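*Asks:* Structure provided below as structure tokens; questions to follow.
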Amino acid sequence: MRQVFRRTSLLLMGAVVALGSVVASGSPHDFPPEEKWQEWRTVAERSDYRATGSYQETIDWLKRLAARSPQLELEVFGTSAEGRAMWLAKYSATGAFTPAAAGRTGKPVVMVQNGIHGGEIDGKDASLLLLRKLVLGYEEADALRSAIGTLLVIPVYNVDGHERVSPFNRANQNGPVEGMGFRTSAAGYDLNRDHLKLETPEARALIGLINTWRPHLHIDNHVTNGSDHAWVLTWSVVEAPQVAPPVGEWLVEQMPQVVHKTKVNGFRVGPYVSLRDPSDPSKGFSSRVAEPRFATGYWPLRHRPSILVENHAYKPYRDRVLANYQFMVALLEAIGRSGRQLVAAVDRAERLTVERGRAGAEPSPIVIAWRDQAEPDTIEFPVYDWTAKPSKAMGVPIVHYDREAERLIEVPWVHLSEPAVTADRPRGYLILPGWPRIEERLTGHGLRLDRLRRAAVVPAETLRATNPTFADNPYQGQTRVEAEIERRSESFEVPAGTLWVPADQRDFEVAVQLLEPQAPDSLFAWGYLSTALERKEYIDPRVLEPLVEEMLTDPAIAAEWQKALEDEAFASNPWARWEWWYRRTPYWDHRRGLLPILAVGDEGLSAVYAGLRGGAADRGPETSEDSSDPTSGH
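With this note's numbering applied, the sequence shown covers 485 to 1118.
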């Protein structure tokens, strides 16, 4: 499997390189400034791209456009932390404004998400041009109109950050010069780090929208800086094997054509650039975005492609907006060519996940964490000449680029993931009572849950965390933690009220990333389960001392103690010695470090089913969900 997808990713890379990067940047526009278009010019257009509209101006413009056509509807899908309405624009040529109606078309639902970082707002203005083309473009837009079942556009996701406007918010971004929004939400959360843990009301609203619509394709519009190069728009996707193989095949087939069409329309396009060494572009770059905290890492858990667009911050705002627009048009044209194939690919991926999770299915692994490909590929990179010059501010050399001297160099390119941590795929997880945050997150992602009606003794795999290491500083308001994880097979008594998360559901990969402690964005890793690591009880040294004297009469324990004392650091630490002995008394809390998550295999299912029904253990599962239909039960 690895070899197959290494070949297909190389085909994708080869197509990108073969198309080259020689098309000069330009500013083609579908809408010449004729009289009939004057009333529909956006704030960006009227200001010659010196400004972008406020949130209210944006929504008012969309309301006027929706009043012009029955093919466009607006709705509020959430409320921001500061109380602003979060608007969604829904376009459908056939009036498919509900998930059921969109499903009947047999065509994909496409979601465009803009402004997750409030100052990175190119996608908003590009989306207005796209909606205008669909609504007012007459016959020239017929092909795009027929491509999709429904187009969902979030004009601005981080609405509070969008309204914190200043020309000084993004020092590295070339416009809009009259001001742009701020990166984070009102409470300082980076919303592109919150797709899995759902800490913010904005993220909970977004994931609720995804649960309802289950779009087949996601376009995530951003702006990036860091290195300097000739590409005006960069992009990235999660490739197989991290994304489901049928979806990966669709991406390999379609993305080179999308890139080519954008270049033909006048814009230089290349993969997303994150330099491996900021001081030396010749060492190459990474385009990989794997962790599910990010949108591009989250959507593959639900077997959907997410197209990350990162416009280059140093390029003029006008060029960035129009390149973003042309790229989205090219994506919709790809949907027109192969939309039904995408729907089928997503369906196959979902059904495979359900089948793998069923009782008695062939054993299969789950990937808990991914890492960079061991051997990078190569790509031609249109970079500017650079030199390292001493910095008075920093006291070390920093890189400067000469934009008058461009050159094409071949560099290493990281864009694939390979498994880093794996485990046997369980038939589900049990969540012990008393941890409401876990249930809230699982429910927030639309996962199917059940609850044991009576206690049960279940053969399962327990998870114990030892030797935790906590981050020095908070991140996203949380203190992240890493630990060694011991997986132990044992029979465990679980009480009534224990949650059951079955594996035979289409979004089970989301549950894996939330619950497996070694996953990069698990609830454990974010610190939500850290109370399980704390010692709660205490034994007085005067109470401990006679117990120690009694235990030392055991030759085996005495020898073990003498061996421990050979460590001078340990021998000189009174409290380390105290804990060594405390752990060997019957008073020690042996559940310290035990996480409230149990992985259940086939051998534990009978006991789980009995607990779910409150009856005998020899009956199989009873559920209102048709287990052969992965689309039910949500």
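For glycine and all other residues, C-beta sits at the position ideal for the given N, C-alpha and C. Note that the structure is a prediction, hence the values are computed from the model and not measured.
Anyone know if the C-beta pair for arginine 910 and leucine 1017 falls short of 8 angstroms?
*Replies:* As a position in the sequence shown, residue 910 is number 426, starting the count at 1. As a position in the sequence shown, residue 1017 is number 533, starting the count at 1. The sequence given here places proline at residue 910; arginine does not occur at that position. No.
*Asks:* Let me check one thing: in DSSP terms, what residues is valine 985 bridge-paired to?
*Replies:* Here the question's residue 985 lines up with position 501 in the sequence shown. BP columns for valine 985 point to Tyr913.
*Asks:* Locate the alpha helix (DSSP H) running through tyrosine 1066, then write down its first and last residues.
*Replies:* In the sequence shown, residue 1066 corresponds to position 582, counting from 1. Per DSSP, tyrosine 1066 belongs to the alpha helix (DSSP H) from 1058-1066.
*Asks:* Helix, strand or coil, according to DSSP, for alanine 1119 in the structure here?
*Replies:* The question about residue 1119 has no answer, for the chain in this structure spans 485 to 1118.
*Asks:* Within 8 angstroms of any Cβ in chain C, is that where the Cβ of tryptophan 524 sits?
*Replies:* The structure shown contains no chain C, having only a single protein chain.
*Asks:* In the structure shown, what three-state DSSP assignment does tyrosine 868 receive?
*Replies:* One-based indexing of the sequence shown puts residue 868 at position 384. It is a strand residue.
*Asks:* Apart from the five residues just before and just after glycine 1098, which ones in its own chain have a Cβ nearer than 7 angstroms to its Cβ?
*Replies:* Taking the sequence shown and counting its residues from 1, one reaches residue 1098 at position 614. The residues are Arg937 and Arg938.
*Asks:* Could you spell out the range, first to last residue, of the alpha helix (DSSP H) harbouring asparagine 795?
*Replies:* The residue you call residue 795 lines up with position 311 of the sequence shown. No alpha helix (DSSP H) contains asparagine 795, which is instead part of the beta strand (DSSP E) from 790-796.
*Asks:* Please go through the same chain and pick out, in chain order, the residues whose beta-carbon is closer than 8 angstroms to the beta-carbon of phenylalanine 581, but skip the five residues on each side of it.
*Replies:* For the purposes of this step, residue 581 is taken as residue 97 along the sequence shown, with counting starting at 1. Excluding positions up to five away in sequence, the list reads Glu557, Lys574 and Thr634.
*Asks:* Are the beta-carbon atoms of asparagine 749 and glycine 607 separated by less than 8 angstroms?
*Replies:* Counting from one through the sequence shown, the residue named residue 749 turns up at place 265. Counting from one through the sequence shown, the residue named residue 607 turns up at place 123. The answer is no: Cβ separation not under 8 angstroms.
*Asks:* Under a three-way DSSP split, which group does tyrosine 433 fall into?
*Replies:* Given that the chain is displayed from residue 485 to residue 1118, the structure contains no residue 433 and the question cannot be resolved.
*Asks:* Does the count of Cβ pairs from the segment 718-728 and the segment 686-702 closer than 8 angstroms reach three?
*Replies:* They do not touch, by the three-pair rule.
*Asks:* Exposed or buried, which one is alanine 714 when buried takes at least 16 other CB atoms within 10 Å?
*Replies:* For the purposes of this step, residue 714 is taken as residue 230 along the sequence shown, with counting starting at 1. With 16 or more other Cβ atoms within 10 Å, it is buried.
*Asks:* Quick one: what's serine 875 bridged to in DSSP?
*Replies:* As a working note, residue 875 is residue 391 in the sequence shown. Paired residues: none, contrary to the question.
*Asks:* With 16 other CB atoms within 10 Å as the buried threshold, where does asparagine 808 fall?
*Replies:* Position 324 of the sequence shown holds residue 808. It counts as buried.
*Asks:* Find out if the Cβ-Cβ distance for the pair tryptophan 989, glycine 841 is shorter than 8 angstroms.
*Replies:* Counted from its first residue, the sequence shown places residue 989 at position 505. Counted from its first residue, the sequence shown places residue 841 at position 357. In the sequence as presented, tryptophan is not what sits at residue 989; that position holds glutamine. Yes.
*Asks:* What separation, rounded to the nearest whole angstrom, lies between the Cα atoms of asparagine 658 and phenylalanine 976?
*Replies:* As a working mapping, residue 658 is identified with position 174 in the sequence shown. As a working mapping, residue 976 is identified with position 492 in the sequence shown. The straight-line gap from Cα to Cα measures roughly 59 angstroms.
*Asks:* Assuming leucine 1031 is part of the alpha helix (DSSP H), what are its boundary residues?
*Replies:* Along the sequence shown, read from residue 1 onward, the residue named residue 1031 stands at position 547. 1025-1035 is the span of the alpha helix (DSSP H), which, as asked, contains leucine 1031.
*Asks:* Evaluate contact between the segment 738-746 and the segment 698-712, counting only Cβ atoms and requiring at least three cross-stretch pairs below 8 angstroms.
*Replies:* These segments do not touch.
*Asks:* Rounding to the nearest angstrom, what Cα-Cα distance links threonine 780 and proline 583 in this structure?
*Replies:* Numbered from its first residue, the sequence shown carries residue 780 at position 296. Numbered from its first residue, the sequence shown carries residue 583 at position 99. Approximately 22 angstroms between the Cα atoms of the pair.
*Asks:* CA-CA distance, serine 1014 and glutamine 997?
*Replies:* To locate residue 1014, count along the sequence shown from 1; it is residue 530. To locate residue 997, count along the sequence shown from 1; it is residue 513. Cα to Cα, the separation comes out at about 17 angstroms.
*Asks:* Where does the unbroken beta strand (DSSP E) through threonine 837 begin, and where does it stop?
*Replies:* Taking the first residue of the sequence shown as 1, we reach residue 837 at position 353. Where threonine 837 is concerned, there is no enclosing beta strand (DSSP E), although the alpha helix (DSSP H) it sits in stretches over 801-841.
*Asks:* From the DSSP output, which residues share a beta bridge with methionine 739?
*Replies:* What you label residue 739 is simply residue 255 of the sequence shown in a count that begins at 1. DSSP, once it has assigned bridges, lists no residue as partnering methionine 739.
*Asks:* Could you tell me which whole alpha helix (DSSP H) segments of length 4 or greater appear in the segment 635-676?
*Replies:* Runs of the alpha helix (DSSP H) inside the segment 635-676: 643-646.
*Asks:* With three or more C-beta pairs closer than 8 angstroms as the rule, is the segment 661-676 touching the segment 530-537?
*Replies:* Yes, they touch.
*Asks:* Rounding to the nearest angstrom, what Cα-Cα distance links serine 511 and glycine 710 in this structure?
*Replies:* Locating residue 511 in the sequence shown gives position 27, counting from the first residue. Locating residue 710 in the sequence shown gives position 226, counting from the first residue. For serine 511, the pLDDT reaches just 42, beneath the cut-off of 50, and the residue's location in the model is therefore unreliable, although a value from the coordinates is still provided. Rounded to whole angstroms, serine 511 to glycine 710 spans 24 angstroms at the Cα level.
*Asks:* Tell me the DSSP secondary structure of threonine 492 in three-state form.
*Replies:* For the purposes of this step, residue 492 is identified with residue 8 of the sequence shown, where counting begins at 1. In this predicted model, threonine 492 has a pLDDT of only 42, less than 50, meaning its place in the structure is not dependable; the value taken from the coordinates is given anyway. In the structure shown, threonine 492 sits in a helix (DSSP, three-state: H, G or I).
*Asks:* Helix, strand or coil: how does DSSP classify tyrosine 575 here?
*Replies:* Along the sequence shown, read from residue 1 onward, the residue named residue 575 stands at position 91. Here tyrosine 575 sits in strand by DSSP.
*Asks:* Excluding five sequence neighbours on each side, which residues of the same chain lie with their C-beta closer than 6 angstroms to the C-beta of aspartate 761?
*Replies:* Against the sequence shown, residue 761 aligns to sequence position 277. These residues qualify, in order along the chain: Lys767.
*Asks:* Identify the continuous beta strand (DSSP E) that holds tryptophan 854 and give its terminal residues.
*Replies:* Taking the sequence shown and counting its residues from 1, one reaches residue 854 at position 370. 849-856 is the extent of the beta strand (DSSP E) around tryptophan 854.
*Asks:* Quick check on histidine 592: does DSSP put it in helix, strand or coil?
*Replies:* For the purposes of this step, residue 592 is taken as residue 108 along the sequence shown, with counting starting at 1. For the sequence presented, residue 592 should be read as proline rather than histidine. In this structure, proline 592 counts as coil in the three-state DSSP scheme.
*Asks:* Can you give the Cα-Cα distance for tryptophan 919 and valine 649, rounded to whole angstroms?
*Replies:* Working through the sequence shown from its first residue, we reach residue 919 at position 435. Working through the sequence shown from its first residue, we reach residue 649 at position 165. Cα-Cα distance, rounded: 40 angstroms.
*Asks:* Can you find the residues in the same chain that come closer than 7 angstroms, C-beta to C-beta, to glutamine 726, ignoring five residues on each side of it along the sequence?
*Replies:* Your numbering for residue 726 matches position 242 in the sequence shown. Hits under 7 angstroms: Ala774, Pro784, Trp854 and Ser901.
*Asks:* In terms of alpha-carbon separation, which member of Ile915, Gln522, Asp803 and His884 lies closest to alanine 980?
*Replies:* Looking up residue 980 in the sequence shown gives position 496. For the residues Ile915, Gln522, Asp803 and His884, the minimum Cα distance to alanine 980 belongs to Ile915.
*Asks:* Measuring only the C-alpha atoms, how far is glutamate 817 from leucine 628?
*Replies:* The residue given as residue 817 occupies position 333 in the sequence shown. The residue given as residue 628 occupies position 144 in the sequence shown. C-alpha separation (whole angstroms): 6 angstroms.
*Asks:* Could you compute how far the alpha carbon of arginine 616 sits from the alpha carbon of glutamate 1087?
*Replies:* Locating residue 616 in the sequence shown gives position 132, counting from the first residue. Locating residue 1087 in the sequence shown gives position 603, counting from the first residue. Distance between the alpha carbons of arginine 616 and glutamate 1087: 58 angstroms.
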